[in-house]
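Scroll down for the structure; my scribbles are underneath it.
Numbering (the working numbering), first residue to last: 357 to 957.
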């Protein structure tokens, strides 16, 4: 294992471009929109612990975590912008946590209000999940402001958890029903230097699968013996993140191999072309290998985020293009689709096909209002995704790089400036519109540039060595200007034939972006559209959406009202308009399709 370092937030600044614009929107609109909706629904008020029967907005078991993710997002923004309004809000919540924290360090709104005698008795009630997100927020706020109060409160809580689950063992379950605290404790260890927090994270990793037997919570086997990603998707990828973190911290190659194996299970057999994961709404879970239905796909936004976080960790431990390619696919498609272009509304699940005719048909186990969503909304009763979007958007600069004493790896192409312990790098790019990146070097070191698996041709104005890990290695010196140009043609992609839902269909991609057809631009039914494989492709711009638009030559076959009819070779020419998948559903409600038929004129 290579053990590279992930940059701290202060080491990387995003400088405009695609992600700079999204961070600007996130800081000016999205974080405040989520705050307003969480205030409207009582989530922030719940921290006052003043709810009584008969009052609206009864606190829920996961509300602590909803607000905690927002606090973490706010901390990231404060570190870069010194937003005094956000800092005042965070300080107010921290004061409420201090006021209502138990003498022994415990903090949970629902258990304090409703079941104070039942602490750590119900594995599936999100206590440790909420604790984990509060810990992450506290660490982020300490780095952002230098203030210790929140961090010390969470250290007290972590110390209690250690007593309950390890030293005194009075908790009535052995591992959390929803993973998250494992990765949070690693952050707490790094922030404080207290080895017991690393040990506690390792304890929860090692204890899983020995007492509880539940595939839904990845507890059916010890983690080192697991070979297939199963169960609830977000739980799974958060667990695998914790495994990667502990493996890196303890140099545990067996544990890293298990995390890598489970990543491959997802990326090779269970992932949509958008990077979405979770094929079924039943349990928000993984389905069998190669079962990737589009009309009933679930693909929770949080699951795409979790996959990015997992790939990020694995690539930092052992840099390899396969991790970055998956992170990029999920980031630009499955994640980014989760927020509207105006930054105010969200998808909980992300469809891979929309057919409005069938939208309101009764479906067994369909749970609403989350599925199927055809329009983004501002808040959900289970609103884990919106604050997860705000925090992920803020991490795209750090995501771009890792480093060690001799080398800087460029995992993603983000307009940014990085200072990595004396190794400086500035990147200028219009990516993902095109594949041109200009790097200006400060210092002398080895620069490793990812060669995306989709890139078949590139130019580079510097000598390099291409290695099996998928990076181009350059020896660079202070003042060097590196011009890296990855050819980014429109390409047609086919599924493995084991994916029966995509038989005789193609997806259209350009660079990291997946494109889709909307009913706004195209005649219905969309499944009647066929790409002309020999036709022209025009790359233009959709001024309404502010995105690229592809115009492809194609055709449709004439069809009447008959359910069945004799086969005909007749074709009618038809232009097919495609937009980036992340931009769909930003106008009127309409049909949407990724996988298109094809033929030759």
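Don't be surprised by glycine CBs; every beta carbon is placed ideally from N, CA and C.
Just to confirm the assignment: which complete beta strand (DSSP E) runs, minimum length 3, are found wholly within the region 732 to 791? 757 to 759, 763 to 766, 772 to 776, 779 to 785
Taking the alpha-carbon positions, what's the residue 368 to residue 916 distance? 59 Å
What does the alpha-carbon distance come out to for the pair residue 896 and residue 470? 57 Å
Who pairs with residue 588 in a beta bridge, going by DSSP? Per DSSP, 641.
Mapping DSSP to helix, strand and coil, what is residue 909? Reduced to three states, the DSSP call for residue 909 is strand.
Using only the alpha-carbon positions, how far apart do residue 371 and residue 773 sit? Cα to Cα, residue 371 sits roughly 7 Å from residue 773.
Check the C-beta distance from residue 911 over to residue 957 and give it rounded, since I have them as a contact under 8 Å. The pair is a contact, with the Cβ atoms about 7 Å apart (cut-off 8 Å).
Work out the CA separation of residue 433 and residue 523 for me, nearest whole Å. 38 Å
Can you have a look at residue 601 and say buried or exposed, based on whether 16 or more other CB atoms are within 10 angstroms of its CB? Around the Cβ of residue 601, a 10 Å sphere holds 16 or more other Cβ atoms; the residue is buried.
Does residue 928 pass the burial test, meaning 16 or more other C-beta atoms within 10 Å, or should it be called exposed? It is exposed - the Cβ of residue 928 has fewer than 16 other Cβ atoms within 10 Å.
Across the region 668 to 677 and the region 609 to 617, are there enough close Cβ pairs to call them in contact, namely three or more that are closer than 8 Å? yes
Quick one: Cα of residue 366 to Cα of residue 769, how far? 18 Å
Using only CA atoms, which one of 666, 464, 563, 630 lies nearest to residue 598? Looking at the Cα atoms, 666 is the closest of the given residues.
Please report the Cβ distance between residue 631 and residue 686, rounded to the nearest whole angstrom; I am assuming they are in contact, meaning their Cβ atoms lie under 8 Å. 3 Å
With 16 as the cutoff for other CB atoms within 10 Å, does residue 767 come out buried or exposed? buried
Taking the DSSP output, what are the residues bridged to residue 476? According to DSSP, residue 476 bridges with nothing at all.
How big is the Cα-Cα spacing for residue 725 and residue 461? At residue 725, the pLDDT of 45 sits below 50, so the modelled position is not reliable; the number obtained from the coordinates is stated separately. About 36 Å.
Quick check: is the beta carbon of residue 552 nearer than 8 Å to any beta carbon in chain C? Protein chain content of the structure displayed is limited to a single chain, and chain C is not contained in it.
How many whole angstroms separate the CB atoms of residue 446 and residue 430, which I take to be in contact at a CB cut-off of 8 Å? 5 Å
Residue 531 burial status per 10 Å Cβ neighbour count (16 or more: buried): buried
Does DSSP classify residue 657 as helix, strand or coil? For residue 657, the three-state secondary structure derived from DSSP is helix.
Could you work out which residue in 782, 421, 806 is closest to residue 681 when comparing CA atoms only? Put simply, of 782, 421, 806 the residue whose alpha carbon is nearest the alpha carbon of residue 681 is 806.
Would you kindly work out how many angstroms separate the C-alpha atoms of residue 326 and residue 542, rounded to a whole number? Here the chain has residues from 357 to 957 only, and residue 326 is not among them.
For the beta strand (DSSP E) that contains residue 896, what are its first and last residues? That run of the beta strand (DSSP E) goes 893 to 898.
Does the distance from the C-beta atom of residue 650 to that of residue 626 stay below 8 Å? No, they are not a contact pair.
Residue closest to residue 810, alpha-carbon to alpha-carbon, out of 853, 867, 859: The shortest Cα separation from residue 810 among 853, 867, 859 belongs to 867.
Suppose the cutoff is 6 Å on Cβ atoms and the five residues either side in sequence are ignored; what does the same chain contact list for residue 722 look like? Here residue 722 scores only 49 on pLDDT, less than 50, and its place in the model should not be relied on; the value that follows carries that caveat. Once the five neighbours on either side are set aside, residue 722 has no close Cβ partner at all.
Anticipated Cβ contact below 8 Å, residue 709 with residue 949, distance rounded: 5 Å
Please state the DSSP three-state secondary structure of residue 571. helix
Do the region 580 to 590 and the region 547 to 556 meet, that is, are 3 or more Cβ pairs less than 8 Å apart? Here the region 580 to 590 makes no contact with the region 547 to 556; the two share fewer than three CB pairs at distances below 8 Å.
Do residue 765 and residue 397 have their C-beta atoms closer together than 8 Å? The Cβ-Cβ distance between residue 765 and residue 397 does not fall below 8 Å.
If I measure Cβ to Cβ from residue 849 and keep anything under 8 Å in the same chain, skipping five residues before and after, which residues do I get? Closer than 8 Å at the Cβ level, and outside the excluded window around residue 849, lie 629, 862, 863, 864, 865.
Candidates 881, 858, 795: closest to residue 841 by CA position: 795
Could you tell me the distance, in whole angstroms, from the CA atom of residue 374 to the CA atom of residue 870? 16 Å
So residue 415 and residue 465 are in contact, right, with Cβ under 8 Å, and what is the actual spacing, rounded? In this structure residue 415 touches residue 465 by the C-beta definition: roughly 5 Å separates them, less than 8 Å.
Rounded separation between residue 388 and residue 815 - CA only: 43 Å
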